[in-house]
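Each residue of the sequence shown is one higher than the one before, counting from 427 in my numbering.
Notes to accompany the following structure.
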Amino acid sequence: MGSKTILNGFVLLVFVGWLFIWVMLPTTTYKNSWTPHLLINLDSTYFREQGINLLLFTFPIMLIAAVSCVYLHLYSKSTSDHSSTNKGREYFASWRRPRLVMESLGIVNAVELIFAAMFTLLLIWSLANYIYISYGNLHMHNPAEKVWMAKFRSVALRLGYIGNVCYAFLFFPVTRLSSILPLVGLTSESSIKYHIWLGHISMALAVLHSVGFVIYYAVSNQMIEMIEWSSSYVSNVAGEIATLVAIAMWITSLYKIRRKMFDLFFYTHQLYTLYIIFYLLHVGVAYTCMILPGIFLFLIDRYLRFLQSKRSARLISARLLPCSTFELTFSKNPALTYNPTSILFVNVPSVSKLQWHPFTIVSSNNLETDKLSVVIKCMGSWSQKLEKQLSSSPDRLQISTEGPYGPSSSHFLSRECLVMVSGGSGITPMISIFRELIYRSTLQPNTKVPKVILITSFKNTTDLTMLDLFLPISTTPSNISNLDFQIEAYITRENEPQQHDHNNLELASKSKQQLIVFKQNPKDSPISAALGKSSWLWLGAIIASSFFMFLLLLGLVTRYSIYPIERDGKLYHYSAKIIWDMFLACASIFIGTSVIFMWQKRENEIEGKQIQNVEIPTNPTNSPVGNLCGTERELESLPHQSIVQATKVHYGARPDLKRILFGCKASDVGVVVCGPKSMRHEVANICASGLAQNLHFESISFNW
């Protein structure tokens, strides 16, 4: 415990110091006092003008990322029992309560508001200082230039500087296998909104920066500068290309466009590689070092995901429900662990070779040690094409996966009472929680589990068959009576149960729920962690070795290729330096990541050969939906009987969430919601009202 505290304190100290450098960067103290001393003490023929920024802006974050891997490795080993409560976090419960619920910003808690305010102040502080210093020492670029033109240019230039601050943070939220996000209790999925916020701010600043220079060039008769690719300074052409690409990505990522034309958004966003290249060519090596950590860590993650996706996952079975929903069950390495509400990215080349979609893992890591299942609701062309292929009962379906990714802990399972609110396909994270609670209540009898209340809304009666997914096809305990739960299901588009003939309903239930068992292919492998059992330690090794290799190669190239030319008073092309940086960073990441991944791949293949084919019952368990619809028929198992007895169906109504939540009298109530934005916002407003201090809010959302 002592080592964890020391590591945590060390990381915090380095991070605060890194932020302090950003605060001091735009000041006269940094420019006139610190910079001369740093140049004297850090002047090196190996790094030249990059040395200072590599030390002050790049090295601290890379150090934090590597040390965080060690911290998370120790943490995962010392907290294998997730059922233990984390009393330290309870102190900050009020800080995590929703404080602001808006259509544009989503659900924001107090901590997020404070950090957003601090970041906004940093941008304002930086811009004010940059402008103040530049106005005190205006540089006239030609004799005909007027003072107001020079000031206008100065403001446009400083807006670009401020945008660079945003880019320093932009890539952290989209790094899925991040060692920094879990350290502060975040996941990449929950942090997407920060990427969106930073994207909007940085794009607004980039547009103002670009438009400002266009106006400046126009009024000062220097439009020829628009097509200049300077050999001694920044390339205007590269900046213009980067801006145009970014605008295309920005427009297609707007919420309404993204929701209606997801394919357009997806494919346009793949232009980020082109954008990064031209943006770095525009800003040069010194400013690249300021934003390098986020890009470097993102590239490591992206290349790791690419390597993992090259393996074809062993698909065992598919369970098709009559509500256009299906469950895919894969074989997995028993050493692979994950927490409830984790997600898996899935790619089906026969549907689309490029598209990857995230789906909630509904299987319990503890209850189903050798299997991993995801549930897919047909809501778009991709899922509909996949369902059509499954309906034809193929012998084999090639699928690639990335992940799993998810929270480092599931503290909400330690509450006294757990209220789960879902709408439509939002029930899938609740299935993963329910299966984990089944394991804890039946196979860990000494573990305290919360009372569970599930409030779920469906459009039609057939959607009730999704409740079948609460029990896995196999490995279901014979009795789940130790778990105290109730299910309140609301059918919003039907006013009464559909009346069917008893025999026809039973036949329909059996025929519509279809189980497909796939033939096993030796080319397929169980889903395994990309970096094996000690994945955090291996990730730390990749980060440290790749960055060290980058510094070593950069030093050698600078010393023996760039420095000799500049020492003789000659000009080394401005863009050539950044091309070297990009090439060496990519080469270092490629070598460091490939070596460690291939080593772990061999270990995973050895373990994969030892995993026997998982047997799946050839007949799916009969659905209890007939009983929920008002007809009586024989139940085949006690677990199904328990679910039916605990379920109450309401027709033609929506849940009164305020009444239900305020009616929870337990002292410690966890509220987990997943569903439409309106439902999430309603629950957030209830928990934020302050009328019930016992409600602790958690939101799960895949609608960015």
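Just so it is clear, CB atoms sit at the ideal spot from N, CA and C, and this is done for glycine as well.
Note that the structure is a prediction, hence the values are computed from the model and not measured.
Start-to-end residues for the beta strand (DSSP E) that takes in residue i
i       : result
Gln940  : Gln940 to Val943
Arg525  : Pro524 to Met528
Thr1073 : Thr1073 to Tyr1077
For residue j and residue i, the rounded distance between their alpha carbons
i       : j       : result
Lys430  : Arg579  : 50 Å
Ser1068 : Lys1084 : 27 Å
Asn467  : Glu529  : 51 Å
Ser799  : Glu753  : 7 Å
Met856  : Asn765  : 12 Å
Lys686  : Ser907  : 44 Å
Trp808  : Pro903  : 35 Å
Val663  : Asp796  : 54 Å
Arg522  : Ala915  : 29 Å
Ala674  : Pro599  : 21 Å
Ile487  : Arg861  : 38 Å
Ile447  : Ile478  : 12 Å
Asn905  : Ser960  : 35 Å
Ser656  : Ser1001 : 8 Å
Thr984  : Leu706  : 18 Å
Asp469  : Pro462  : 10 Å
Val496  : Leu603  : 14 Å
Thr882  : Ile913  : 8 Å
Pro775  : Lys814  : 14 Å
Ile666  : Ile769  : In the sequence under discussion, the amino acid at residue 666 is Glu, which differs from the Ile named in the question. Approximately 38 Å between the Cα atoms of the pair.
Ala1079 : Arg1106 : 18 Å
As assigned by DSSP and simplified to three states, the class of residue i
i       : result
Gly966  : helix
Arg412  : A question about residue 412 goes unanswered here, because the residues of the chain that appear run from 427 up to 1130.
Trp655  : strand
Pro820  : coil
Ser636  : helix
Asn535  : strand
His783  : strand
Leu433  : helix
Asn765  : coil
Glu753  : strand
Gly625  : helix
Phe598  : coil
Lys877  : strand
Tyr501  : helix
Gln648  : coil
Pro898  : coil
Arg1059 : Confidence at Arg1059 is low in this model, with a pLDDT of 38, below 50, so its placement is unreliable and the value that follows should be read with caution. If DSSP states are grouped into helix, strand and coil, Arg1059 belongs with coil.
Ser799  : strand
Gly562  : helix
Gln912  : strand
Gly832  : coil
Rounded Cβ spacing between residue i and residue j (contact assumed at less than 8 Å)
i       : j       : result
Asp1007 : Val711  : 6 Å
Gly720  : Ala630  : Not confirmed; about 19 Å, so no contact.
Ser605  : Leu880  : That pair is no contact at about 34 Å.
Lys572  : Tyr561  : Wrong, their Cβ atoms sit about 14 Å apart, outside the cutoff.
Leu980  : Phe473  : 7 Å
Ile533  : Ser1125 : 6 Å
Ile557  : Val581  : 6 Å
Glu842  : Ala1092 : 4 Å
Among the options, nearest to residue i - alpha-carbon criterion
i      : options                               : result
Ser951 : Ser757, Lys877, Asn555 and Leu965     : Ser757
Val440 : Ala491, Thr678, Glu475 and Arg474     : Ala491
Ile540 : Leu553, Trp551, Leu526 and Ser552     : Leu526
Leu725 : Val1097, Cys1113, Thr1019 and Val1070 : Thr1019
Leu482 : Val875, Ser738 and Met716             : Met716
Gly849 : Ile864, Gln815, Ser840 and Phe884     : Phe884
Ser840 : Pro452, Pro876 and Leu762             : Pro876
Tyr642 : Phe597, Trp574 and Ile588             : Trp574
Tyr729 : Asn458, Ala1011, Trp444 and Pro784    : Ala1011
Leu700 : Gly435, Tyr620, Pro830 and Thr669     : Thr669
Terminal residues of the alpha helix (DSSP H) in which residue i lies
i       : result
Phe722  : Tyr698 to Ser735
Ala1110 : Lys1103 to Ala1114
Glu992  : Tyr989 to Arg993
Lys1084 : Leu1083 to Phe1088
Leu863  : Thr854 to Leu869
Pro462  : Thr461 to Leu468
Ile667  : Asn662 to Thr678
His1122 : That residue, His1122, is in no alpha helix (DSSP H); its beta strand (DSSP E) goes Leu1121 to Ser1125.
Tyr693  : Phe688 to His695
Residue-chain proximity (residue i, chain B), Cβ-Cβ < 7 Å
i      : result
Phe756 : In the displayed structure, chain B is absent; only one protein chain is listed.
Residue i Cβ short of 6 Å to the ligand ADP heavy atom set
i      : result
Ile864 : The model depicted lacks the ligand ADP and carries no ligand whatsoever.
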